[in-house]
DNA sequence: AGTACGATTAGCT
DNA sequence: GCTAATCGTACTC
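What follows is the structure, given as structure tokens:
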């Protein structure tokens, strides 16, 4: 029913991918059930960008970013949270798009159970929140988003109006306009 | 071997 | 608005 976007979708300019991911559907199927949400907020992390994990060369943690596009880059931060990215561009480049917020569409009961929250706006508005709501774990790091239980499907609606701002929660590169979200959407992580 | 800190969140003032 | 929670990672000595 949902068809994963092909590797060719991810193997393009990272900013373009970040913009075109808005409206696309994040899908995860596991033994607990299926969860689906519309991607409403993304951030691009680029080569030569001081905020990018890959900016200072390859390390064990960021090596996935240098791998083929269309893989999941899941990293641990603040001692208790995970964030989910899609690897973009081409192998060896080290760029990715952080998925920052999703609008819940299906599997909402499961999301509520995983999050321990009832309000829809508290389920998937924030990078670590959506990871928890979708049951994404460190086991998904480096998994193939074009062929597997965790994937992204093409948008069901025409391209949305996009708002561009600076990125959230970073110190270096904080002035770059690399955050994208769907104008007027109620499930954004922050105004 | 030691240490500083982070692409966050929740709860409290 | 402020800050504790919490630990893997990267970097220094």
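Numbering (my numbering), first residue to last: 817 to 1007.
For each residue, glycine too, the CB sits at the ideal point set by N, CA and C.
TODO: Report yes if the CB atom of residue 856 is closer than 8 Å to the CB atom of residue 900, and no otherwise.
DONE: Stepping through the first chain from its first residue, residue 856 is reached at position 40. Stepping through the first chain from its first residue, residue 900 is reached at position 84. In this structure, residue 900 does not lie closer than 8 Å to residue 856 by Cβ.
Open item on the list: Let me check one thing: in DSSP terms, what residues is residue 853 bridge-paired to?
Closed with: The residue you call residue 853 lines up with position 37 of the first chain. Note: residue 853 sits in a beta bridge opposite 842 and 920.
Task: Length of the line joining the Cα atoms of residue 828 and residue 878 - done: For the purposes of this step, residue 828 is identified with residue 12 of the first chain, where counting begins at 1. For the purposes of this step, residue 878 is identified with residue 62 of the first chain, where counting begins at 1. Their backbone Cα atoms lie some 19 Å apart in a straight line.
Open item on the list: Using 8 Å as the cut-off, can you tell me whether the segment 921-941 makes contact with the segment 949-960, which would need three or more C-beta pairs spanning the two stretches below that distance?
Closed with: Taking one beta carbon from each stretch, the segment 921-941 and the segment 949-960 have 3 or more pairs nearer than 8 Å; the two touch.
- [ ] In the DSSP assignment, find the alpha helix (DSSP H) that holds residue 947 and state where it starts and stops.
- [x] Counting from 1 along the first chain, the entry for residue 947 is found at position 131. Per DSSP, residue 947 is one residue of the alpha helix (DSSP H) stretching across 943-949.
TODO: Would you kindly check if the distance between the Cβ of residue 818 and the Cβ of residue 837 is under 8 Å?
DONE: Locating residue 837 in the first chain gives position 21, counting from the first residue. Locating residue 818 in the first chain gives position 2, counting from the first residue. For the pair residue 837 and residue 818, the CB atoms are not nearer than the 8 Å cut-off.
- [ ] Measure from the alpha carbon of residue 881 to the alpha carbon of each residue in 896, 860 and 986, then state which is nearest.
- [x] Position 65 of the first chain, counting from 1, holds the residue named residue 881. For residue 881, the nearest C-alpha among the options comes from 860.
- [ ] With a 10 Å radius around its C-beta and 16 neighbouring C-beta atoms as the bar for buried, classify residue 874 as buried or exposed.
- [x] One-based indexing of the first chain puts residue 874 at position 58. Exposed is the label assigned to residue 874, since fewer than 16 other Cβ atoms lie within 10 Å of its Cβ.
Task: Inter-residue Cα distance where the pair is residue 953 and residue 927 - done: Numbered from 1 along the first chain, position 137 holds the residue referred to as residue 953. Numbered from 1 along the first chain, position 111 holds the residue referred to as residue 927. Cα to Cα, residue 953 sits roughly 14 Å from residue 927.
TODO: Evaluate residue 1000 with the Cβ neighbour count: other Cβ atoms within 10 Å of its Cβ, from every protein chain shown; 16 or more gives buried, anything less gives exposed.
DONE: By 1-based counting over the first chain, the position of residue 1000 is 184. Under this definition residue 1000 is an exposed residue.
Task: Those residues which DSSP pairs with residue 1047 across a bridge - done: What the structure shows of the chain is the stretch from 817 to 1007, and residue 1047 is not part of that stretch, so it cannot be assessed.
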